[in-house]
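Written below as C-alpha cells is the structure these notes are about.
In my numbering, the protein residues as written are 357 to 1166.
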C-alpha cells in the first residue's frame, strides 16, 4: 500500500467520526446541510416519494457536487459512490460498471442507466458526457421490480436541466496539460411563456492521451467527442406536460494503452519491451449515438399517468490489434448497428396517502446487427500445424504452410433481435397496523424476453503445404477449404421479479429498513466465439485436406518407386482431429440474484449531518463471467454455477458555517466470491483441464472503495470578486483481482485531487489537479495467449494532471 493510501485511510477513519463531535453553536452553524431532493426537484414516473425516505441505498449528486469533484462522466463520478466501480480503461465500448460485486465487461449490462426517465438498452452507450446535467442518482442493489432486466446491481438515473426551473446561457472553456486536452460547451435555457420552455446545448472535447505507443510512435489513450441536445417542454393544459428531447454525440477513442508486462511463466525473451505499449496495427473505437424521446404526463386528482416513448440508434466501429504486440498475428474489427424502440406506461398515486402505489406496462424491441471480421496473418495460421508437427517431428517429418494471400479473413454478420415485455406493480402501505411510521413495500414484475441470433460467418482459404520427410519432400499445391456457419438460434425467458421491504420512520429525516428482492440480467449469445468456431473447423478441414492430398500425390507416377508400406506410413502419421464445436455453444444463460439488505437514512446535529448506511447479502445464480476464448481471439461470457456477494456501505455529508464549509465521506466493502464454479481451462497448447474456482474472488470487483473531501467557499461583499473557493478530496479502490484464478491483483490505491478558484459573478475560474501524488496503478490487467505464449498486459491509470476551467453564466 502506498503512502497516500495510508494517509487516506487514516483521514477517513480518524477524521470522519470527528464531524459528529459537539461544537459550539453559533448563528452561522444553524443552517442544515443541503437536501438535494428539496433543492433539485426532478420527476420520476415510478417512485412515489423521496429516495432517502424509501427503503433503498442511494447516493445523490447535484450540479454543484459534480463541478466541485470535476466529474465530467459517470466513470469519474463512480469514484465518489461506495461499492460503485466504473473504471476508465479500454474504450467506450466496454463501459464496465460494477455495483456490490455485480457487473460486466461485455455483452448485457448489470447496472441500468436512465437519462431523463429513458432507459439505455446497451452499455455501449453508457460512457456519456455529463454536459447539462442537473442531478445524478445512484441506486444500489437490485431495482428489477420497477426497472426490469439489467438493473440487477443497481441503477443510474441522470436528469438534465429543466428550462422551466433554470434560465440563461452557460459557456464553459477548459484546458489540461499532459494530455494536451481542451473543451468547449455552450448551453441556453429559455422560458418563452408560462406554457413553453426549451434548452439547447452543444459541446466539443479533445484529449491527445497520456501514453506513447513505442511501435507506432503515436500517442494513445486520448479521445475526441462532440455533440448536442435539444429539449422542449410544452404545457398544453394545466394537467398535461409534454417533454421532447433529442441528443446526438460522436466519439472517437484513439487506441488502447495496454502496456506489455512480460510472460506469466518461463524466461522472458525480450525484457526491453516490458512496460511499453507495442501493438503495430491501427486501433481505435468510433461511436455515433442518437437518442430521441417524448415524455407525456397527465396529472389527475388522485393519480399521475406517464408515457415514455423512446428511440435509440447506435453505430460503432472497434478496430483492435488483438495480439497487442509488435508481432503481426491478427487484428479484429467489430461493427455494431443498434436500433431500439421502447414504450412505457406508468400510473402512480399522488398526495402521499396511506396507500401509495405505482404500476405499469413496458415494451421494448431492439435490433442489433454485428459485423466482426477477423484477420489472421500467415504467422498466426502457421500455428494451425503446431499440434501436427509435435506429433510427426519424432519421425523427422514436418508441415509448413504457404499462404499466397495473407491475411486470411473470416467475415460475416450476426442479427440479434430482442423483444422485452413486462408488467409491474408496487404498493407502499404506510402506518401499517396503525403504527405510525411503519411501512410495508411489496411489488412484483413479470418480464418476458425473447431473443434470436441469425448468423452467417466464415471464410475461404487457398493455400499450399510443404511436407518434409526422411524420404523426400512433398509439395502440396492448390489446396482450398471453406469454413462457414449459417443458421439461427432462439430462446425466450419469463422472470418473476418480486420485492418486499419493511421500513420504520422515526421522523421525516430518520428511518431504518430491511428488504428482500430479486435481480435479473439477460442472457445472450457470444458472437465473438464464431471466430474460434471457424478457426477450429478450418483447422480440421485443412488437416483432412492435407492427409487426402498427400495420399493422392503419393499415388502419382512420381512415387511409383516408393514402397506401398512407406506411403501408408507417411499418410498415417499425419494426424486428423475432428472438430466438435457448434454455434449452440455461443449461448450464455440469464443471471439472477436474491438480495437481502438492511439499512437506514439519518440526520444528526440539527440537520447538519446526513448519514446513509446499509449492509447486504446476495446469492447469485448462473453468474456471468467475462473471459478470453481459448485462442485469444476476444472475450466471451460464460456462466459460473453460483456466487455470493456481501458487504457494507456508509455515506456521510455535512455542512457548517452556513454551508460555506461542506464535507463528504463514504466507504464501501464488498466480498464477492464464487460458491460453485468449475471451468475448462487451457493448460497446454493441446489440452484443457477442469479447474475449480470455488471460494475465489470474482474478478474486476474492488474489495474496498473510499472517498472523502472538503469544500469551502467564502463570499466577499463590496468586491469585484464575489467569492473564492477551494476543495480537496481523495478517492481509493482495491484490492482488485484480475482473473478467476486470483493469480494477479491490483492492491488498494488512492488518488489525491484538489481545486481552487474565484467567482466574479458572471465568470468563474477554477484551477484543478488530479492524482497530485502521481500514484502509479493499473486500471486494467489481463493475460492473453494470442501469440501462443501466455503474456501479461495492463493499462496504467492516468498520471498527475492539471487544468483550468472557465465558466460563464448570463
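Where is the CB? At the ideal position from N, CA and C, for every residue including glycine.
Can you name, in chain order, every residue of its own chain whose Cβ lies under 6 Å from the Cβ of residue i, other than the five neighbours on each side?
i	result
residue 958	866, 967
residue 647	603, 668
residue 786	710, 795
residue 303	One cannot answer for residue 303 here, as it falls past the ends of the chain, which runs 357 to 1166.
residue 1163	528, 1120
residue 324	Here the chain has residues from 357 to 1166 only, and residue 324 is not among them.
residue 1034	1046, 1048
residue 1165	524, 526
residue 656	none
residue 810	771, 844
residue 868	860, 956
residue 1161	530, 1122
residue 680	614, 635, 1149
Going by CA-CA distance only, name the one from the options that's closest to residue i.
i	options	result
residue 727	513, 765, 875	765
residue 634	473, 682, 731, 1062	682
residue 775	432, 788, 532, 806	806
residue 1091	1028, 427, 1112	1028
residue 496	531, 453, 480, 535	453
residue 1068	1115, 1089, 1049	1115
residue 450	1124, 1073, 901, 464	464
residue 1159	389, 395, 426	426
residue 1006	828, 982, 969, 759	969
residue 500	483, 469, 519	469
residue 954	913, 857, 1021	857
residue 1203	808, 752, 846, 715	With the chain represented from 357 up to 1166, any question about residue 1203 goes unanswered, as that position is not in the structure.
residue 521	481, 471, 397	397
residue 1111	424, 722, 847, 412	424
residue 541	556, 533, 549, 534	556
So, at 7 Å on beta carbons, what are the nonlocal neighbours of residue i in its own chain, with the 5 sequence-adjacent residues on each side left out?
i	result
residue 573	none
residue 741	755, 757
residue 1040	Annotation note: pLDDT 48 at residue 1040 (below 50); position unreliable, coordinate value reported separately. Excluding positions up to five away in sequence, the list is empty.
residue 384	Low per-residue confidence applies at residue 384: pLDDT is 41, beneath 50, and the placement is therefore not dependable enough to give any value.
residue 428	485, 486
residue 639	611, 612, 675, 676, 677
Excluding the 5 residues preceding and the 5 following residue i in the sequence, name in chain order all residues of the same chain whose CB lies nearer than 8 Å to its CB.
i	result
residue 750	none
residue 1167	Residue 1167 lies beyond the residue range present for the chain, which begins at 357 and ends at 1166; the question has no answer from this structure.
residue 951	497, 498, 871, 872, 873, 874, 875, 972, 973, 974
residue 802	778, 779, 780, 850, 851, 852, 853
residue 827	918, 922, 926
residue 407	393, 414, 416, 493, 495
With distances taken between CB atoms, is the gap from residue i to residue j smaller than 7 Å?
i	j	result
residue 712	residue 1131	no
residue 947	residue 980	yes
residue 814	residue 839	yes
residue 933	residue 896	yes
residue 553	residue 547	yes
residue 581	residue 607	yes
residue 684	residue 733	yes
residue 768	residue 812	yes
residue 564	residue 578	yes
residue 589	residue 599	yes
residue 649	residue 601	yes
Consider the C-beta atom of residue i and the heavy atoms of the ligand ATP; say whether any pair is separated by less than 6 Å.
i	result
residue 749	As far as ligands go, the structure on display features none, and thus does not contain the ligand ATP.
Quick one: complete beta strand (DSSP E) runs, 3+ long, within the segment 393-436? 413-418
Beta strand (DSSP E) segments (min. 3 residues) lying fully within the segment 1078-1132: 1079-1090, 1105-1115, 1119-1126
Between the segment 933-941 and the segment 884-892, can you find at least three pairs of beta-carbon atoms closer than 8 Å? The answer is yes - the segment 933-941 touches the segment 884-892, with three or more Cβ pairs under 8 Å.
Return the chain-ordered ranges of every beta strand (DSSP E) run that is complete within the segment 709-739 and spans a minimum of 3 residues. 711-727, 730-732
Continuous beta strand (DSSP E) assignments of at least 3 residues falling wholly in the segment 675-705: 686-705
Using 8 Å as the threshold, is the segment 1151-1165 in touch with the segment 458-470, meaning 3 or more CB pairs across them? no
Okay, do the segment 483-496 and the segment 509-520 touch, 3+ Cβ pairs below 8 Å being the bar? yes
Does the pairing of the segment 1046-1056 with the segment 1093-1110 give three or more beta-carbon distances under 8 Å? yes
Every unbroken alpha helix (DSSP H) inside the segment 497-545 [4 residues or more]: As far as the segment 497-545 is concerned, its whole alpha helix (DSSP H) runs of at least 4 residues are 500-503.
Between the segment 653-666 and the segment 621-628, do at least 3 Cβ pairs fall closer than 8 Å? no
Every unbroken beta strand (DSSP E) within the segment 578-653, with a cutoff of 3 residues, ordered by chain: 578-590, 596-610, 614-619
Are the segment 405-423 and the segment 467-477 touching by the rule of at least three beta carbon pairs closer than 8 Å? no
Runs of 4 residues minimum, wholly inside the segment 866-917: which ones carry the alpha helix (DSSP H) assignment? 886-910
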